[in-house]
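Quick note: the sequence shown, position 141, residue 177 per the working numbering, numbers continuous.
Single-structure report; data block below.
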Amino acid sequence: MYFDLNVPVGPVTEGSKKGKAPATANDVDWSERDQAALDARLDVLAHLGYTAIALNQTIRGVFNPATHKNTLLKIRPREDITLLRRLTIILTEESEKGFGLVNGNADILKSYDIIALCPTTATTFSLACLTHSVPSPIAAHIITFDLHSAPRLPFFLKLSTLKVAVKNGAVIEIPYFPIVKRGMGDQARRNWWSTAKEVVRVLGGKGLIFSGGGYEGDVRGAKDVINLSTILGCKQDQGHHAMAVTPKSLLLRAQTRQTYRAVLSEPRLIMPDSDLVEPQQVVADPAPEKSEQPEESLKSKKRALEEDQEVGQDEAQVKKKKKRKDKQKAST
């Protein structure tokens, strides 16, 4: 069972803090032509062996629930593939003061199965890894990077910061579409190779997932992606985990956003029916038996008494002998 958790749908939209009218599912423009094009892409992914796919909607800057429209609500489900909804927020300098992941927007964010963050500055990188990876109703599950950006990433990938995100349950995503997309420049490919190798080296191949991130024609089979991961420095089993095991645990963690502090279930006390419970007979406890002293202790006491008596008799005989001697001396 292989996963591709980054299948983009629609262009990248700009988030804005302005706007008052809330968006609804009926406001989303989704035609039959768009559905047919998406079905063709999903057919290719199903043919390549993927069984769970996350449709990705991307916004840049700030998430504003008043103006945001979930373009994934009108997509028809499929029987051969499990379709998930993902929201990716590209964090820019404007996002350093806040980008909409607050508890007040938790109800609106429930329409998405996965939340991903793409930091572009050192400040947003720290916010994504240290603050927004903590289990909560607004926690981020995936932290991704623009690996083919030119110039390269304007911040260093600190090991301690990434380890905190992985420890909190988040995963680091490496999209592979820049190296398979036609028309991609040589500089962008070199940046992707160097940055992707750095991510693998820093994390030691753990806490990673590989995803497509491209449009039609920019996808590869799961086995090809595993071979690609070995070139980047991952072991064969780590590449398999990045395509099958880690995404599955990620989806399990994503379900905990619906609960309090990532608790999987709410315990309930179920009382049995009184008719089904058989009455239990109350048995009186037997009266405690009198404790008897062991025979050895009694024997020892008897011996002690006999010895005392013998000692007393000996002393009496000695006294009698002394009296007899005294009488004999007196008579002589």
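For each residue, glycine too, the CB sits at the ideal point set by N, CA and C.
- About 16 Å separates the CB atoms of residue 179 and residue 132; that is not less than 8 Å, and the two are not in contact.
- For the options 45, 100 and 359, the alpha carbon positioned closest to that of residue 140 is the one of 100.
- In terms of Cβ geometry, residue 166 and residue 200 form a close pair [threshold 9 Å].
- With distances taken between CA atoms, residue 228 lies nearest to 268 out of 123, 126 and 268.
- In summary, residue 345 is exposed, with fewer than 16 beta-carbon neighbours lying within 10 Å of its beta-carbon over all protein chains present.
- With distances taken between CA atoms, residue 246 lies nearest to 215 out of 223, 220, 252 and 215.
- As a beta-bridge residue in DSSP terms, residue 247 pairs with 211.
- Partner residues in the beta bridge of residue 39, as assigned by DSSP, are 88.
- For residue 160, the uninterrupted alpha helix (DSSP H) segment begins and ends at 158-162.
- In the three-state DSSP reduction, residue 171 falls in the coil class, being neither helix nor strand.
- 114 is the residue among 103, 114, 93 and 49 whose C-alpha sits nearest the C-alpha of residue 78.
- Shown here for residue 189: same chain residues with a beta carbon closer than 7 Å to its own, the five before and five after excluded, namely 181 and 231 in chain order.
- As DSSP reads the structure, residue 50 sits in a beta bridge with 96.
- Counting only the Cα atoms, residue 191 lies some 28 Å from residue 277.
- Of the candidates 123, 187 and 240, 187 places its Cα closest to the Cα of residue 226.
- Within its own chain, the residues whose Cβ lies closer than 6 Å to the Cβ of residue 39, once the five positions on either side in sequence are excluded, are 88 and 283, listed in chain order.
- Here DSSP, grouped into helix, strand and coil, assigns residue 283 to helix.
- As a beta-bridge residue in DSSP terms, residue 124 pairs with 94 and 152.
- Taken atom to atom, the span from the alpha-carbon of residue 259 to that of residue 281 is near 14 Å.
- With a cutoff of 9 Å on beta-carbon distance, residue 122 and residue 204 are scored as not near each other.
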